[in-house]
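I have placed the structure first, in the form of structure tokens, so that the comments after it can refer back to it.
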Amino acid sequence: MAKFLTSREENYSQWYNDLVVKAGLAENSAVRGCMVIKPYGYAIWEKMQHQLDQMFKDTGHCNAYFPLLIPKSFFSKEADHVEGFAKECAVVTHYRLKNDPNGGGVVVDPAAKLEEEYIIRPTSETIIWNTYKNWIQSYRDLPILCNQWANVMRWEMRTRMFLRTAEFLWQEGHTAHATKEEAIEEANKMIRVYAEFAEKWMAMPVIMGHKSETERFAGALDTLTIEAMMQDGKALQAGTSHFLGQNFAKAFDVQYTTKEGKQEYVWATSWGVSTRLMGALIMSHSDDNGLVLPPKLAPLQVAIVPIYKSMEGLERIRQAISGVIEKLRKAGITVQFDDRDTQKPGWKFADYELKGVPVRLAMGERDLENGTIEVARRDTLTKETLPLEGIELHIEQLLDEIQENIYKLALERRSKRITKVDSYEEFKTLLDTKGGFFLCHWDGTPETEELIKNETKATIRCIPFDAPEEEGKCMVTGKPSHRRVLIARAY
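The sequence shown begins at 324 in my numbering and counts up by one.
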């Protein structure tokens with residue numbers, strides 16, 4: 324199975340597509356630009372969702388749900404927002420079908436035209452702030468800290484599974500606050516939640532920073548981002564948090580009465596991550612043999628393959644390993660004893676390797692006699708034979724070690740491909756020959772930003788939080804610059 328993967332070196336894009344399909348994560352659907360997330364892929368997303376949901380609740384947020392369809396007029400209330408999404412909107416114009424009297428099958432009933440069209444949500448700020456108007460009257464009603472797990476639709480012309488599809492799954496937090504300071508604190512808190520999840524659960528190092536004005540979310544005063552580097556050196560925006568100011572509160576007239584009895588507009592944030600994280604997970608760690616999954620997000624953490632010649636041998640192996648399985652499951656580790664007789668052990672080994680199962684155990688009848696078991700690691704593709712006694716404690720430690728090692732390898736790859744550059748000519752040369760992230764001086768103007776994008780297809784990914792004050796000159800114009808920004812080609 325794994326040998327049918329295109330190698331990363333040969334064609335990185337094809338390798339990614341091959342892996343998504345052959346590892347059973349997703350497949351294209353009958354709807355153009357949309358995908359079917361298969362059970363194994365969805366199991367990974369569920370683990371992501373479960374952990375993030377707990378992190379949101381630990382920071383005081385609760386879940387709610389808002390309609391999929393949004394009245395078109397809502398998008399006219401915030402000019403920057405509608406302009407940002409206008410070209411991506413799917414529009415519902417009718418509410419009924421009928422049989423064609425001429426025998427042409429089912430057709431739209433022209434008499435069932437809606438008085439006002441609905442937009443399938445590309446994001447929910449408008450419908451939520453229209454709702455918040457009914458929820459907020461006084462300072463006692465604030466803050467509102469809501470999150471929604473949902474699907475959204477953005478009409479994409481060029482799609483790639485998980486990375487960019489017309490419909491995708493995500494969560495979107497929408498919060499309302501009495502003061503500007505509270506809202507800014509919320510936006511900063513949530514981008515740090517995303518960074519913690521990316522690094523501790525996905526084992527994916529990220530750089531936090533502010534988006535440039537041009538790259539901000541439509542309708543935001545500030546957009547915070549986490550940027551990750553994929554193995555091919557391209558950036559991937561893995562999560563964003565937006566300080567929306569009072570723009571949506573003013574658009575939907577959401578005011579509250581202060582303690583002093585004055586009327587003030589509410590301050591807002593929104594923040595979200597999507598199934599794009601699945602693409603980030605795949606491209607951060609996987610290799611030419613298949614997926615490499617961090618143990619914390621692997622649906623199956625330990626696979627046990629018995630190697631036997633008779634049913635009696637299988638039962639002896641099953642009995643010998645049953646105590647280990649019970650102890651691992653009590654420790655919260657997912658284990659599968661693969662006694663299928665429809666596939667040979669070699670096929671099973673390749674399948675678990677392709678699917679990124681962190682630890683594979685193999686036990687034959689000779690192991691049974693010797694009281695040993697073979698332990699194989701997916702991250703290093705190494706294996707060793709160890710005593711069966713106490714193996715469950717070794718596996719628990721090994722899973723932690725694998726999680727740390729996957730992060731360490733990703734961090735080392737990124738560190739080798741972050742380059743400080745002062746010359747535009749050098750930047751263009753290294754962008755093509757080395758790739759990766761570049762720390763460069765920029766004069767802060769959208770004109771220079773657009774020029775870099777048009778000439779190199781690289782974009783300003785963020786102004787890093789930890790970028791020190793540093794006097795320099797813009798690599799393009801020579802104008803003064805006070806700190807470096809992160810520039811890269813991106814997904």
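Don't be surprised by glycine CBs; every beta carbon is placed ideally from N, CA and C.
- By the criterion of a C-beta distance shorter than 8 Å, Val680 is surrounded in its chain by Leu616, Ala621, Leu623, Gln624, Val625, Ala626, Arg701, once the five residues flanking it on both sides are discounted.
- With fewer than 16 neighbouring CB atoms inside 10 Å of its own CB, Glu712 falls in the exposed class.
- Per DSSP, reduced to three states, the secondary structure at Gln666 is coil, with no helix or strand assignment.
- Under the three-state reduction of DSSP output, Thr592 falls in the strand class.
- As DSSP reads the structure, Glu550 sits in a beta bridge with Ile530, Gln560.
- Between the stretch 684 to 691 and the stretch 590 to 607, the count of C-beta pairs closer than 8 Å stays below three; the two stretches do not touch.
- Per DSSP, Thr756 has no beta-bridge partner at all.
- Tyr814 places its beta carbon less than 7 Å from that of Lys557.
- The residues Val628, Arg683, in chain order, have a CB closer than 7 Å to that of Phe672 in the same chain once the five nearest residues on each side in sequence are set aside.
- Cβ neighbours of Ser330 within its own chain (closer than 7 Å, five residues either side excluded): Trp338, Asp611.
- Counting only unbroken stretches of 4 or more residues, the alpha helix (DSSP H) elements lying wholly within the stretch 377 to 451 are 402 to 408, in sequence order.
- In this model, His533 and Cys785 are separated by some 5 Å (Cα to Cα).
- Short of 7 Å from the beta carbon of Asp381, and not among the five residues preceding or following it, lies no beta carbon of its own chain.
- Within the stretch 688 to 773, the runs of beta strand (DSSP E) at least 3 residues long that lie entirely inside it are, in chain order, 695 to 700, 706 to 710, 741 to 744, 760 to 764.
- Two segments are said to touch when three or more pairs of C-beta atoms, one from each, lie closer than 8 Å; by this definition the stretch 717 to 734 touches the stretch 515 to 533.
- Secondary-structure assignment with DSSP links Met358 through a beta bridge to Asn351.
- Taken atom to atom, the span from the alpha-carbon of Thr779 to that of Met798 is near 14 Å.
- Look at the beta carbons and you see the stretch 487 to 501 not touching the stretch 417 to 436: under three pairs across the two are nearer than 8 Å.
- Between Phe389 and Ile467, the C-beta spacing is not below 7 Å.
- Comparing alpha-carbon positions, the option among Leu600, Glu583, Val577, Thr581 lying closest to Ala591 turns out to be Val577.
- Under the three-state reduction of DSSP output, Glu505 falls in the helix class.
- Per DSSP, reduced to three states, the secondary structure at Ser461 is strand.
- In the DSSP assignment, His608 falls within the unbroken alpha helix (DSSP H) covering 599 to 608.
- With respect to the C-alpha of Thr756, the residue from Lys678, Gly542, Ser564, Asp555 having the closest C-alpha is Asp555.
- Annotated as distal: Lys395 and Glu350, with beta-carbon spacing of 7 Å or more.
- When Asp423, Ala518, Gln372, Asp664 are compared, the shortest CA-CA separation from Trp472 is found for Gln372.
- Boundaries of the alpha helix (DSSP H) around Arg639: 634 to 653.
- Bounds of any alpha helix (DSSP H) do not take in Leu614, whose DSSP letter is neither H nor E.
- Only buried fits Tyr579, as 16 or more other CB atoms lie within 10 angstroms of its CB.
- According to the DSSP assignment, Val658 belongs to the beta strand (DSSP E) that extends over 658 to 660.
- Apart from the 5 residues on each side of it in sequence, Val359 sits with its Cβ closer than 7 Å to the Cβ of Ala349, Glu350, Ser352 in its chain, given in chain order.
- Beta-carbon to beta-carbon, Arg807 and Glu792 are separated by about 10 Å, too far to satisfy the 8 Å threshold.
- By the neighbour-count criterion, in which 16 or more other beta carbons inside 10 Å mark a residue as buried, Ala409 falls on the exposed side.
- Taking C-alpha positions only, Ala790 is separated from Val744 by approximately 14 Å.
- Under DSSP, Ser804 shares a beta bridge with Gly795.
- With contacts defined by Cβ atoms closer than 7 Å, Met553 and Met606 form a contacting pair.
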